[in-house]
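Peer 1:
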Amino acid sequence: MKKLIAGNWKMNGSIQKNALLIQGIIKGIEAEPNLLSACDFAVFPPFVFIPSINKEIKNAAGKIILGAQDCSAFDAGAYTGEVSPLMLKETGCTHVILGHSERRQYHGETDELISRKAQAANKAGLITVICVGETLEEREAGEAQKIVGRQLSSSIPETATAENTIIAYEPVWAIGTGKTATPDDAQAMHGFIRKKLNEQLEDSQKLRILYGGSMKPENAKDLLAAPDIDGGLIGGASLQVADFLSIGRAAL
Ligand code: 13P
Numbered sequence: 100m101k102k103l104i105a106g107n108w109k110m111n112g113s114i115q116k117n118a119l120l121i122q123g124i125i126k127g128i129e130a131e132p133n134l135l136s137a138c139d140f141a142v143f144p145p146f147v148f149i150p151s152i153n154k155e156i157k158n159a160a161g162k163i164i165l166g167a168q169d170c171s172a173f174d175a176g177a178y179t180g181e182v183s184p185l186m187l188k189e190t191g192c193t194h195v196i197l198g199h200s201e202r203r204q205y206h207g208e209t210d211e212l213i214s215r216k217a218q219a220a221n222k223a224g225l226i227t228v229i230c231v232g233e234t235l236e237e238r239e240a241g242e243a244q245k246i247v248g249r250q251l252s253s254s255i256p257e258t259a260t261a262e263n264t265i266i267a268y269e270p271v272w273a274i275g276t277g278k279t280a281t282p283d284d285a286q287a288m289h290g291f292i293r294k295k296l297n298e299q300l301e302d303s304q305k306l307r308i309l310y311g312g313s314m315k316p317e318n319a320k321d322l323l324a325a326p327d328i329d330g331g332l333i334g335g336a337s338l339q340v341a342d343f344l345s346i347g348r349a350a351l
């Protein structure tokens, strides 16, 4: 399966910084066309930058996938502060991240809400990137698979298919900490996720499972070599053009 190298920009940057970031990524990809034969690239900027990033991407013949970091579970109406999946679609997004651990942790998002958001996103024609992952306490208690299994069965809606859904395994203890799951540990969880998805979806072999959590140029090659790791969801290192491209190169 072709790898997906995805940058979750989180709440970072500015108009100027993010323009420079996307221009740098596009320039790098254009200078090394073989990168695109090894992997797809995606960026997930904050909502307000989506239209301008979309323009840059379009000017570069749409070589990069564009997505948002969240969406509403509602289609339209009196929901102050929300952004609907259709609005994302209209502004150029094809993908949306849902259920990131930062949203679960700081915004109280539950599996049930994530499932409703994913359903709305699928209905609007968006591909969801549904995040799952255990905390350090849960891992140390030997409950990692139990937690991830529950997140998978409760946050993936019935509208999900191998084509409109991507799973990102992001152990919470590895996010932004510099600690990474070893390729063996990550593969063990990805294998478990694939097996679990077999029970829920047809063609789960075709579904991409990304790893996220301190992925960087130094560890990307070993992680991406694991049979069930189909790409990366990258935070910090996706904000540096050279690091992001170098992670793409690790998929070659
Ligand atoms: P870091 O790569 O900064 O650890 O973030 C991972 C992440 O949360 C991607 O969604």
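If you use our numbering, the sequence shown corresponds to residues 100 to 351, in order.
Built from N, CA and C at the ideal position, the CB exists for glycine as well.
Leaving out five residues before and five after P144 in sequence, what residues of the same chain have Cβ atoms less than 7 Å from its Cβ?
Peer 2: Same-chain partners within the cutoff: W108, N117, I152.
Peer 1: For G106 versus I333, is the C-beta distance shorter than 8 Å?
Peer 2: Yes; because the gap between Cβ atoms is below 8 Å, this pair is in contact.
Peer 1: For the ligand 13P, is there a heavy atom less than 7 Å away from the beta-carbon of H289?
Peer 2: No - the ligand 13P has no heavy atom lying nearer than 7 Å to the Cβ of H289.
Peer 1: Can you list, in chain order, the residues of its chain whose CB lies under 7 Å from that of Q122, leaving out five sequence neighbours each side?
Peer 2: Excluding sequence neighbours, Q122 sits near E155.
Peer 1: I'd like to confirm the pairing. Which residues does DSSP put opposite H194 in its beta bridges?
Peer 2: G166, I226.
Peer 1: Between the segment 258-277 and the segment 217-232, are three or more C-beta pairs nearer than 8 Å?
Peer 2: Cβ pair count under 8 Å is three or more, so yes.
Peer 1: Can you check DSSP and say which residues form a bridge with G330?
Peer 2: Note: G330 sits in a beta bridge opposite L103.
Peer 1: Going by DSSP, what residue range makes up the beta strand (DSSP E) through I266?
Peer 2: Note, I266: beta strand (DSSP E), 264-268.
Peer 1: With C-beta atoms as the reference, is G347 less than 8 Å away from G275?
Peer 2: Contact: no.
Peer 1: Once DSSP output is grouped into helix, strand and coil, what is the label at F173?
Peer 2: F173 falls in the coil class under three-state DSSP.
Peer 1: Taking all protein chains shown into account, decide if K305 is buried (16 or more other Cβ within 10 angstroms of its Cβ) or exposed.
Peer 2: Result: exposed.
Peer 1: State yes or no: is the C-beta of L120 within less than 8 Å of the C-beta of G112?
Peer 2: Going by C-beta atoms, L120 is nearer than 8 Å to G112.
Peer 1: Contact between the segment 230-240 and the segment 174-190: three or more CB pairs below 8 Å?
Peer 2: These segments do not touch.
Peer 1: What's the gap between the Cα of G224 and the Cα of T258?
Peer 2: Each residue's alpha carbon lies about 11 Å from the other.
Peer 1: If you drop the 5 nearest sequence neighbours on each side, which residues of the same chain put their C-beta closer than 6 Å to that of N221?
Peer 2: If we look at N221 and ignore the five residues flanking it on each side, its Cβ neighbours are T258, N263.
Peer 1: Do you know how far the Cα of F148 is from the Cα of I114?
Peer 2: Those two C-alpha atoms are separated by around 7 Å.
Peer 1: Whole angstroms are fine: how far does the CA of N297 sit from the CA of Q61?
Peer 2: Residue 61 cannot be examined here, being either before or after the span of the chain that is shown, 100 to 351.
Peer 1: Can you grab the Cα-Cα spacing for the pair K294 / M100, in whole Å?
Peer 2: If you take the alpha carbons of K294 and M100, they lie about 17 Å apart.
Peer 1: In terms of residue numbering, what span does the alpha helix (DSSP H) encompassing D342 cover?
Peer 2: Taken as a continuous stretch (DSSP letters only), the alpha helix (DSSP H) holding D342 covers 340-348.
Peer 1: D302 by DSSP, collapsed to three states: which one?
Peer 2: Three-state DSSP puts D302 in coil, outside helix and strand.
Peer 1: Considering only the alpha carbon of each residue, which of M186, Q168, A130 lies closest to A175?
Peer 2: Selected option, being the one with the closest Cα: M186.
Peer 1: Might you give, ordered along the chain, the residues of its own chain that have their beta carbon closer than 7 Å to the beta carbon of R202, omitting 5 neighbours on each side?
Peer 2: Excluding positions up to five away in sequence, the list reads D169, E208.
Peer 1: Should K278 be labelled buried (16 or more other beta-carbon atoms within 10 Å of its own) or exposed?
Peer 2: K278 comes out exposed.
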